[in-house]
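In the numbering used here, the protein residues as written are 81 to 219.
All C-beta atoms, glycine included, are put in the ideal place defined by N, C-alpha and C.
Quantities reported herein were computed from a predicted structural model and do not represent experimental measurements.
Note sheet for the following structure.
Dropping the structure here:
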């Protein structure tokens, strides 16, 4: 089972897995096909994060991480409420080099980017209100 399939099973989501190993997870409940998140690789990082003009939250996670699983619904809610924010995920077990590059030593780690620049980093589970506070400081 790959990370995409695991998340779909764990959170009862449907998914579209594209050829370039991008997994776009969509919420079954709203049937609108709203993008919840995208699992990206180091090859996609520059395009999806560093060249992105929107505010981007990068969630470094692992399939086996309990707090990462708890954070998923929080990120889903934020994605629904903030059109000007993109949320992407990096699986540290599949992309260790990217995690090392950004100094990720513990998960979940959220790194916030504005205009391609890192502006904030949090480690561990965060409540929705804490993440919203960071977003509102930068958008």
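Work out the CA separation of residue j and residue i for me, nearest whole Å.
{"i": "residue 135", "j": "residue 181", "result": "20 Å"}
{"i": "residue 156", "j": "residue 117", "result": "8 Å"}
{"i": "residue 225", "j": "residue 167", "result": "This structure does not reach residue 225, given that the chain is present from 81 up to 219, and the question cannot be answered."}
{"i": "residue 150", "j": "residue 205", "result": "7 Å"}
{"i": "residue 213", "j": "residue 137", "result": "13 Å"}
{"i": "residue 202", "j": "residue 127", "result": "22 Å"}
{"i": "residue 129", "j": "residue 211", "result": "18 Å"}
{"i": "residue 124", "j": "residue 133", "result": "15 Å"}
Please name the residue or residues paired with residue i in a DSSP beta bridge.
{"i": "residue 191", "result": "138 and 201"}
Which whole-angstrom value is the C-beta distance of residue i and residue j, which I expect to be below 8 Å?
{"i": "residue 218", "j": "residue 194", "result": "5 Å"}
{"i": "residue 208", "j": "residue 154", "result": "5 Å"}
{"i": "residue 170", "j": "residue 140", "result": "5 Å"}
Who are the near neighbours of residue i in its chain, counting only those whose CB is closer than 7 Å to its CB and skipping five residues on each side?
{"i": "residue 175", "result": "121 and 122"}
{"i": "residue 131", "result": "196"}
{"i": "residue 142", "result": "148, 171, 172, 173 and 187"}
For residue i, does the three-state DSSP call read helix, strand or coil?
{"i": "residue 129", "result": "helix"}
{"i": "residue 151", "result": "helix"}
{"i": "residue 186", "result": "coil"}
{"i": "residue 219", "result": "coil"}
{"i": "residue 146", "result": "helix"}
{"i": "residue 230", "result": "There is no way to answer for residue 230, as the model of the chain reaches only from 81 to 219."}
{"i": "residue 174", "result": "coil"}
{"i": "residue 109", "result": "Here residue 109 scores only 42 on pLDDT, less than 50, and its place in the model should not be relied on; the value that follows carries that caveat. Residue 109 falls in the coil class under three-state DSSP."}
Any beta carbon from chain D within less than 9 Å of residue i's own beta carbon?
{"i": "residue 215", "result": "Reference to chain D is not applicable here, since this structure consists of a single protein chain."}
For residue i, which residues from the same chain have a beta carbon less than 8 Å from its beta carbon, with the 5 sequence-adjacent residues on both sides left out?
{"i": "residue 145", "result": "187 and 188"}
{"i": "residue 198", "result": "182, 191 and 192"}
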